[in-house]
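In what follows, a single structure is set out as structure tokens and then discussed.
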Amino acid sequence: MPTVALFVTCVLDQLDPDAAVGAVNLLEAAGVTVVVPDAQTCCGQPAITAGEPEAASRLARHFLDVFEPYDAIVAPSGSCAGTVHHWYERLLPDDSERVRSLTERTFELTAYLVDVLGREDLGLRLDTSAVVLDSCHGMRHLDVHDAPRKLLGSAGVTLVEMSDPETCCGFGGIFAVTHPEVSTALADDKLLDASGTEAEWITGCDAACLLHLAGRRRRTGIGPKPVHIATLLASGLPSAR
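Each step along the sequence shown adds one to the number in the working numbering, with nothing skipped, and position 56 is 40.
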């Protein structure tokens, strides 16, 4: 039985702990042992997008030191897992062999469940409908597309697709802060597109993107309810019924 180290991520730790708990429940339902290293901090992605490579390098080195001992590192975030895959060799060139080994063992949650463990069906059932938010980093850095759909479909969720699923939701790290007008317009377009599906939920693997949409939905009343895929799926586990 593999031991998985859960990287909780800053956003889940501070703003959406239910998704972190859901991730643990899903991984345990798949038959793995989950540990949550106390010393974990940030992956460094905010520092990268803010143009602070020295700060990002310090965080990357700390991440490497904390998570190196584990069989697998799983993050309920395509953005954070994508940061490890896409940036760490550039941030830590003197530790390239260690970084490559870590990268090979770092996965986004749904990709780990489906592509590594081969567990599309976790024995959970949900009577609802959802549209999947394909976050930019998860989709483009990690090719995460099919895995969340397979998990949702196996759980009985009716899946519907947006007309333009690959367009950014507008969050983009600090982009939402530095370019609020553009960020807001992108979020509103995404919610309007999703509203045309008549799905109950908009779900995905990046909490920050979903929280960004949730904030706009509270102001406009448009679109399905945003929820992290770990929270949604875990609500259908037998222990949650």
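A virtual CB, placed ideally from N, CA and C, is assigned to each residue, including glycine.
Pairwise C-alpha distance: residue j and residue i
| i | j | result |
| --- | --- | --- |
| P37 | S63 | 17 Å |
| A4 | V83 | 25 Å |
| V16 | P(-14) | 6 Å |
| R74 | A171 | 31 Å |
| E12 | A169 | 39 Å |
| A183 | V144 | 7 Å |
| S61 | D118 | 11 Å |
| A39 | A224 | 40 Å |
| R124 | R203 | 30 Å |
| L216 | P222 | 13 Å |
| G102 | Y54 | 20 Å |
| V139 | S219 | For the sequence presented, residue 139 should be read as Ala rather than Val. Rounded to the nearest angstrom, the two C-alpha atoms are 11 Å apart. |
| L43 | C27 | 6 Å |
| V8 | A56 | 14 Å |
| V141 | T187 | 11 Å |
| A41 | E52 | Residue identity check: residue 41 is Ser in the sequence provided, not Ala. Roughly 16 Å separates the two Cα atoms. |
| I158 | S179 | 26 Å |
| T181 | F155 | 22 Å |
Cutoff 7 Å; reference residue i; Cβ partners in own chain excluding five residues on either side
| i | result |
| --- | --- |
| D177 | M146, S147 and D148 |
| R45 | L76 |
| V18 | V(-12), L(-10), V8, L11 and E12 |
| D99 | A131 |
CB-CB length for residue i against residue j, believed under 8 Å
| i | j | result |
| --- | --- | --- |
| K174 | C153 | 5 Å |
| P21 | A(-11) | 6 Å |
| H163 | D0 | Going by Cβ atoms, the distance from H163 to D0 rounds to 24 Å, so no, they are not a contact pair. |
| V50 | A23 | 5 Å |
| T25 | A65 | About 16 Å separates the two Cβ atoms, so there is no contact after all. |
| L128 | G122 | Here the sequence assigns Val to residue 128, which means Leu is not the residue at that position. 4 Å between Cβ atoms; contact. |
| A214 | G6 | 4 Å |
Counterpart residues of residue i in DSSP-defined beta bridges
| i | result |
| --- | --- |
| A56 | V(-12) |
| H212 | G188 |
| T230 | Residue 230 falls outside the range modelled here, since the chain spans only -15 to 225, and no answer is possible. |
| S113 | T142 |
| V19 | A(-11) |
Own chain partners of residue i with C-beta closer than 8 Å, once the 5 adjacent residues on each side are dropped
| i | result |
| --- | --- |
| A191 | T(-7), V(-5), L(-4), L(-1), D0, A3, P60, S61 and H212 |
- request: Give a yes or no on contact between the region 124 to 143 and the region 94 to 110, applying the rule of three or more CB pairs nearer than 8 Å.
  value: yes
At least 3 beta-carbon pairs within less than 8 Å: the region 205 to 220 vs the region 110 to 119: yes
field: Meets three-Cβ-pair contact criterion under 8 Å: the region 188 to 196 and the region -11 to 2
entry: yes
- request: Evaluate the contact criterion for the region 72 to 83 versus the region 101 to 109: three or more CB pairs, one atom per stretch, below 8 Å.
  value: no
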